[in-house]
Amino acid sequence: MKFIVKDEIFDIFPNLKIGLVVGRGLTIRKQAKELQTLIKSNVDSLLERVGSRNLTDFSNIRAWRETYRKFGASPKKYRPTAEAFLRRILKGHPFPNINTAVDAYLAVELLSMLPIGGYDLNNITGDIQLRISQGGEVFFPIGGENIDPEYTVPGEIIYADNKIVLTRNWNYRDSDLTKITEDSTEIILASEAALDDINAEDVSGTVNKIVEYETAACQGEYYTYLLDKKKPEVIINN
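Numbering of the sequence shown is given in the working numbering, commencing with residue -7 and proceeding in unit increments.
The following block contains the structure:
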């Protein structure tokens, strides 16, 4: 399996950097007490860090709003994933508590203010590509059978494998078909910085923190990769 960033993406975002984490042999649970303690600490840190400031005062949030604008997605209509998540937490909504794998990377997102998302590798067909959609590609959003399918629009940046759309609007909404669950044992996570406003060290630091948190929460073995214009694809370790 390969993870590929198509040239058309680098034509728009030549400074794009993507950090990948591949985890194998995970044991994913509904919750873990030690992770809940860490989450509470990170939520408290976020609240203290932001205080009375606006989220858009932070460079990583601003950069992703500009990224969405550059490929034609309004950040008001489609909030970048990290911003949407952090806004919910800052408004007092409870941490989602999905499972230990998802909770672990969301706990990192509280610190990095960068998008982090992922898939169950065992439900991926062929290669994973970050590319531009020609429109009309069917997408099944997280939410189960009661959620109507959606269709991509021309020019939309998507993650896709050889059969389905994995994520719409780059990292806005993930597919129900490849979501990480308690039954998952092999996962892939990605964190991206599309503009130079985000330091490369933020991406590498986020990757390292993901490995730390996922190891503590789910055990397993982890492999990391960094993609950019000079290295637009990698073979995922088997």
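Quick reminder that beta carbons are idealized off the backbone N, C-alpha and C, glycines included.
The structure presented is a predicted model; accordingly, all values stated were derived computationally and were not measured.
The DSSP assignment places no complete run of the beta strand (DSSP E) inside the stretch 26 to 78 (cut-off: 3 residues). The beta carbon of E58 lies closer than 7 Å to those of L187 in the same chain, with the five residues before and after it left out. In this structure, the straight-line span from the alpha carbon of K221 to that of D119 is close to 18 Å. Shown here, R21 sits in coil according to DSSP, grouped into three states, outside any helix or strand. Within the DSSP secondary-structure output, L218 pairs in a beta bridge with G11.
Listed in chain order, the non-local C-beta contacts of I180 below 6 Å within the same chain comprise V14, G110, Y111, L113, local neighbours out to five positions each way being set aside.
Put simply, the stretch 131 to 144 does not touch the stretch 99 to 110. Fewer than three CB pairs are less than 8 Å apart. Following the DSSP letters along the chain, one finds D3 inside the alpha helix (DSSP H) bounded by residues -1 to 4. Under DSSP, V226 shares a beta bridge with F(-5). The beta carbon of P67 sits closer than 6 Å to the beta carbons of R57, Y60 from its chain, once the five residues preceding and following it are set aside; these are given in chain order. Contact between D194 and A185 holds: CB atoms are separated by about 6 Å, below the 8 Å threshold.
In the three-state reduction of the DSSP assignment, Y111 falls in the strand class, which pools E and B.
In the three-state scheme derived from DSSP, where H, G and I count as helix and E and B as strand, A186 is classed as coil. Judged by pairs of C-beta atoms under 8 Å, the stretch 150 to 158 does not touch the stretch 87 to 101, as fewer than three such pairs exist.
Within its own chain, the residues whose Cβ lies closer than 6 Å to the Cβ of F50, once the five positions on either side in sequence are excluded, are M105, listed in chain order.
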